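Participant: In case it helps, our numbering puts the sequence shown at residues 1 to 140. Let me begin by handing over the structure; questions about it come next.
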Amino acid sequence: MANTLGIIKPDAVRRRLVGRIIQRIEQEGLILRGMKVQRLSPEQARRFYAVHENKPFYKSLVDFMTSGPVVLMVIGGHRSIERWRDLMGATDPAKAKYNTIRREFGTSIERNVVHGSDSPETARFEVGFFFRDDEILPKE
Ligand code: CMP
């Protein structure tokens, strides 16, 4: 019953897709345990994506992720990490399955609308990166 981190990225916030994305999360039966709207600083974006710092897309990714507000979410429920990843679809929207959020709304491999943690270790790091314990609802 681990929590995972979800981010609704600046492209989606700008395009007013927040409500539709949260609707998909609720329809899937996942549980919102924490949420905030924030504009990431370059320092935060660089540290959050530090695993990608040697990739060619790193600088552009940091610029994109700081280009406007994001919605940060702590998502819980049974198998939340896998289920949120399944709901998002593959990183590249063109390769994502039909009915996934990225397939429906994503416009490029960078502007792929949402982020999700990819493992229990990553989820722990990523949730803790943005949320204090007292900002997360306890499991019922
Ligand atoms: P995300 O799941 O947030 O993790 C890293 C992000 O880098 C990814 O989604 C995309 O927004 C962005 N990105 C840009 N180019 C690539 C690429 N070639 N491969 C993977 N991620 C990329």
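The beta-carbon is built from N, C-alpha and C at its ideal position, and this holds for glycine as well. These numbers were taken from a predicted model, which means no experiment stands behind them.
On the three-state DSSP scale, how would you describe G34?
Facilitator: To locate residue 34, count along the sequence shown from 1; it is residue 34. In this structure, G34 counts as strand in the three-state DSSP scheme.
Participant: Which same chain residues, not among the five before or five after I109, have their C-beta less than 7 Å away from its C-beta?
Facilitator: The count along the sequence shown starts at 1 and reaches residue 109 at position 109. The answer, listed in chain order, is T91, D92.
Participant: Please confirm whether K36 and L72 have their CB atoms less than 8 Å apart.
Facilitator: In the sequence shown, residue 36 corresponds to position 36, counting from 1. In the sequence shown, residue 72 corresponds to position 72, counting from 1. Contact: yes.
Participant: Jot down the residue ranges of each uninterrupted beta strand (DSSP E) in the segment 43-89, minimum 3 residues, whole runs only, in chain order.
Facilitator: DSSP runs (the beta strand (DSSP E)) wholly in the segment 43-89: 70-76.
Participant: Measure from the alpha carbon of R33 to the alpha carbon of each residue in I22, L17, R39, then state which is nearest.
Facilitator: Locating residue 33 in the sequence shown gives position 33, where the first residue counts as 1. Of the candidates I22, L17, R39, the one whose C-alpha sits nearest the C-alpha of R33 is I22.
Participant: On the criterion of 16 or more Cβ atoms from any shown chain inside 10 Å, does E126 qualify as buried, or is it exposed?
Facilitator: Position 126 of the sequence shown, counted from the first residue, corresponds to residue 126. Burial call: buried.
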